[in-house]
Amino acid sequence: MLKFVDIAAKRPDKRQALERRRDWREVYRDFAARRAVEQASRCSQCGVPFCQIHCPVQNNIPDWLMLTAAGRLREAYEVSSATNNFPEICGRICPQDLLCEGNCVIEKGFDSVTIGAVERYITDTAFQEGWVEAARPALERPESVGIIGAGPGGMAAAEMLRRRGYQVHVYDRYDRVGGLLIYGIPNFKLDKAIVERRAKLLGESGIEFHLQFEVGRDAALADLRARHDAVLIATGAYQARDIKVPGVGLDNIFAAMDYLTASNRKGLGDAVPDFDSGALNAAGKNVVVIGGGDTAMDCVRTAIRQKAKSVTCLYRRDRVNMPGSLQEVTHAEEEGVSFAWLSAPEAFIGEGAVEGVRAVHIHLGVGDASGRQTPQPIAGSSHILLADLAIKALGFDPEDLPLLFAAPELEVTRWGAVKIDRASMMTNLDGVFAAGDIVRGASLVVWAIKDGRDAAAAIHHYFGARAVPLARAV
Ligand code: FAD
Ligand code: SF4
Ligand code: SF4
Numbered sequence: 015m016l017k018f019v020d021i022a023a024k025r026p027d028k029r030q031a032l033e034r035r036r037d038w039r040e041v042y043r044d045f046a047a048r049r050a051v052e053q054a055s056r057c058s059q060c061g062v063p064f065c066q067i068h069c070p071v072q073n074n075i076p077d078w079l080m081l082t083a084a085g086r087l088r089e090a091y092e093v094s095s096a097t098n099n100f101p102e103i104c105g106r107i108c109p110q111d112l113l114c115e116g117n118c119v120i121e122k123g124f125d126s127v128t129i130g131a132v133e134r135y136i137t138d139t140a141f142q143e144g145w146v147e148a149a150r151p152a153l154e155r156p157e158s159v160g161i162i163g164a165g166p167g168g169m170a171a172a173e174m175l176r177r178r179g180y181q182v183h184v185y186d187r188y189d190r191v192g193g194l195l196i197y198g199i200p201n202f203k204l205d206k207a208i209v210e211r212r213a214k215l216l217g218e219s220g221i222e223f224h225l226q227f228e229v230g231r232d233a234a235l236a237d238l239r240a241r242h243d244a245v246l247i248a249t250g251a252y253q254a255r256d257i258k259v260p261g262v263g264l265d266n267i268f269a270a271m272d273y274l275t276a277s278n279r280k281g282l283g284d285a286v287p288d289f290d291s292g293a294l295n296a297a298g299k300n301v302v303v304i305g306g307g308d309t310a311m312d313c314v315r316t317a318i319r320q321k322a323k324s325v326t327c328l329y330r331r332d333r334v335n336m337p338g339s340l341q342e343v344t345h346a347e348e349e350g351v352s353f354a355w356l357s358a359p360e361a362f363i364g365e366g367a368v369e370g371v372r373a374v375h376i377h378l379g380v381g382d383a384s385g386r387q388t389p390q391p392i393a394g395s396s397h398i399l400l401a402d403l404a405i406k407a408l409g410f411d412p413e414d415l416p417l418l419f420a421a422p423e424l425e426v427t428r429w430g431a432v433k434i435d436r437a438s439m440m441t442n443l444d445g446v447f448a449a450g451d452i453v454r455g456a457s458l459v460v461w462a463i464k465d466g467r468d469a470a471a472a473i474h475h476y477f478g479a480r481a482v483p484l485a486r487a488v
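Counting from 15, one number per residue, gives the positions in the sequence shown under our numbering.
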C-alpha cells in the first residue's frame with residue numbers, strides 16, 4: 015500500500031474517440047489484473063477515509079483496495095458486495111469525481127485512487143469466477159412484500175428482502191427489469207448485459223417479477239396493499255420538465271426519455287416504429303440538445319453514434335457550472351459534440367417541423383439564495399442554430415402518484431415527491447414505504463441502491479415490530 019508516490023494514477027485503457035463514435039461499447043476497456051492490483055496499492059489506508067464517507071452506500075473502500083492489492087480478490091468481493099448490491103454498476107456509472115474519488119485525500123498533488131475502476135474489476139472478476147450467486151434464504155417467511163418499480167431502488171430492496179426470506183413480488187410497467195439502467199442509460203456507459211445478468215440472478219433467488227404491469231392501470235395502490243403485507247413504492251421520477259418558448263409544439267422536438275428509450279430499445283433488438291420511421295433517429299440530422307445534465311450528455315453522445323450530421327449541446331451556464339459529471343462532458347467533447355455554453359433557447363422555428371433553434375447568449379449575474387449565479391440574456395445576441403431534431407433534456411419531476419394510484423390520501427411534497435418519515439422510510443399510509451427518485455427527485459443510481467437497502471431494513475423492522483411467526487424453510 016501507500017504506493018501513490020511512485021505509481022501514477024491510471025484508469026483502464028480508454029478507447030479512442032474515433033472508435034467509440036462507431037459503436038455502442040463502453041468507453042473503458044477492462045482493467046488488466048496487474049493494473050488493478052497496482053492501482054489498488056496506491057491507497058494510503060487513511061484512518062478516516064473520506065472516500066468512504068462520501069460514498070452514499072459507505073463502501074468499505076480501504077479494505078477492498080487492500081485485499082485487491084494483496085491479490086485476495088474473493089475476499090475483496092465479499093467486502094465490496096456487503097454494502098452494495100450492484101458494485102459493478104456503480105463502478106461504471108457513479109460520478110466518482112463528485113463522490114468517492116473526488117474526496118480521496120491523495121488527490122492534491124497526486125491523482126486520486128481509481129476507486130470506481132477497481133470496484134468494477136472486483137465484481138466483474140467475481141462474475142467470471144462464478145462467485146456471484148442468487149440469494150438463498152435460510153428461512154422462508156410468510157410475509158409478502160409488493161414492490162412497485164424494478165429500477166435500482168426496487169431491485170436492491172427486493173434482493174435484501176429476499177435474502178431475509180420474504181416473499182417478494184416486483185411490479186413494473188416496462189417489459190424488462192432495470193428501470194433507467196435499461197431504458198435511460200445508454201450502452202456506452204452501461205452495457206445492458208451487465209443489468210440483465212443481475213435481473214436473472216434476482217429471478218433465480220425466487221423474486222417474482224410482474225412485468226408490463228402498471229399500477230394505476232392494472233391495479234390501484236389499494237389492491238396491492240390488500241394483496242401484500244407491505245408495499246414499497248420505487249417508481250422513479252419520469253415527469254419531463256418542459257420549456258415554454260414559441261414553437262415548442264413543432265414536429266421533431268422530443269423529450270429526452272422518448273429519444274433515449276427508442277435508441278435503447280433498438281439496441282436491444284425491439285421493433286421501434288418511431289425510430290424506423292426516422293423520427294427518433296438522429297442519422298444525417300442537425301441535432302440540438304437543450305440541457306446540461308447527465309441526461310443531456312447521454313443524448314448528445316447517442317446522436318453522435320447514430321451518425322448525426324452535427325450535434326450541439328445548448329446550455330445556459332458554463333462548463334464549470336454544468337450539473338453533470340465533467341468526465342461525461344469530456345467524453346462528449348472528444349467524440350465531437352459542440353457545446354454552446356452560456357446560451358438559452360428563445361424559440362423553435364420552422365414550418366410544421368423544427369428547422370432551427372433561436373438562442374440568446376447569457377451573462378451569469380449575481381448569485382441567488384443558493385449561491386448559483388443567475389443567467390441573464392444579453393440583449394441583441396439572438397442567433398439561429400440549425401436543427402432537424404431538437405431534444406429537451408431539462409430534468410425530471412415525480413409523476414402525480416396520488417392521482418395515478420387512485421390514492422389521494424398518499425402524502426406528497428409540493429414537488430410531487432412521496433413524503434416519508436426518514437427513520438421508518440414509511441409514508442403516511444401504514445405498511446407503505448417509498449425509496450429512490452420518487453422520494454429524492456431525479457438523483458443517482460447509488461442513492462437509489464442505498465434507499466432500497468434502507469427500505470428493506472425498515473420493512474424488516476416493521477414486520478419484527480408486528481411479530482409475525484416464521485415459517486420453516488422449504
Ligand atoms: P428508476 O430507475 O426510474 O426505476 C423506476 C421503475 O419504476 C421503472 O422501471 C418504471 O418503469 C417503474 N414504474 C414507474 N411507474 C410505475 C407504475 N405506475 N407501475 C409500475 N411500474 C412503474 N445515475 C447515475 O448514478 N449515473 C448515471 O450515469 C446516470 N445517468 C442517467 C442517465 C439518464 C438518461 C437518466 C434519466 C438518469 C440517469 N441517472 C444516472 C439517474 C439514475 O438512473 C436514477 O437516479 C435511478 O435509476 C433511480 O432509480 P429508481 O429505482 O428510483 O427509479
Ligand atoms: Fe464510489 Fe459509487 Fe463505488 Fe461508492 S458506489 S465507491 S461512490 S463508485
Ligand atoms: Fe485510500 Fe484515498 Fe480512501 Fe484514503 S481517501 S483510504 S487514500 S482511497
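Just so you know, even glycine gets a beta-carbon here, dropped at the ideal spot from N, CA and C.
None of these values were measured; they are calculated from a predicted model.
Alpha carbon to alpha carbon, how far is residue i from residue j?
i      : j      : result
Gly306 : Leu408 : 8 Å
Ala31  : Leu340 : 16 Å
Trp429 : Ala421 : 17 Å
Arg333 : Trp355 : 7 Å
Asp465 : Gln390 : 37 Å
Gln142 : Leu204 : 18 Å
Arg150 : Pro109 : 32 Å
Phe362 : Leu274 : 21 Å
Asp20  : Ala472 : 46 Å
Asp111 : Asp468 : 25 Å
Val488 : Arg176 : Confidence at Val488 is low in this model, with a pLDDT of 36, below 50, so its placement is unreliable and no value can be given for it.
Pro70  : Val460 : 6 Å
Tyr91  : Ala50  : 14 Å
Met311 : Val302 : 12 Å
Thr344 : Asp27  : 15 Å
Phe353 : Leu238 : 47 Å
Ala276 : Ile120 : 42 Å
Val182 : Ile221 : 5 Å
Glu33  : Ala317 : 15 Å
Phe45  : Ala367 : 46 Å
Ala22  : Gly167 : 36 Å
I need the boundaries of the alpha helix (DSSP H) containing residue i, first residue and last residue.
i      : result
Ile473 : 459-480
Asp308 : 308-319
Gly168 : 166-177
Thr97  : 87-97
Val432 : No alpha helix (DSSP H) contains Val432, which DSSP labels as neither H nor E.
His345 : 340-348
Leu415 : 415-418
Let's see if you can read the secondary structure: which residues bound the beta strand (DSSP E) around residue i?
i      : result
Gly492 : Past the edges of the chain, shown from 15 to 488, lies residue 492, and the structure says nothing about it.
Arg372 : 370-381
Asp138 : Asp138 -> not in any beta strand (DSSP E); alpha helix (DSSP H) instead, spanning 129-143.
Pro391 : 387-391
Tyr185 : 181-186
Thr326 : 324-328
Glu365 : That residue, Glu365, is in no beta strand (DSSP E); it is neither H nor E in DSSP.
Gly455 : Per DSSP, Gly455 belongs to no beta strand (DSSP E) and is neither H nor E.
Ala354 : 352-354
Lys406 : 403-406
Glu222 : 222-225
Taking all protein chains shown into account, decide if residue i is buried (16 or more other Cβ within 10 angstroms of its Cβ) or exposed.
i      : result
Arg48  : exposed
Gly192 : buried
Gly283 : exposed
Ala393 : exposed
Arg486 : For Arg486, the predicted structure reports a pLDDT of 40, less than 50, and the residue's modelled location is therefore unreliable. A value from the coordinates is still provided. When all chains shown are included, Arg486 counts as exposed.
Thr137 : buried
Val426 : buried
Asn442 : exposed
His397 : exposed
Pro359 : buried
Ile67  : exposed
Gln59  : exposed
Gln53  : buried
Val432 : buried
Pro337 : exposed
Ala207 : exposed
Arg190 : buried
Val62  : exposed
Next on the checklist: Which runs of the beta strand (DSSP E) at least 3 residues long sit entirely within the region 240-293? Give them in chain order.
Outcome noted: Listed in chain order, the complete beta strand (DSSP E) runs (minimum 3 residues) inside the region 240-293 are 244-247, 267-269.
Checklist entry - What alpha helix (DSSP H) runs, 4 residues minimum, are completely inside the region 20-63? => result List check, alpha helix (DSSP H) in window: 31-35, 47-54.
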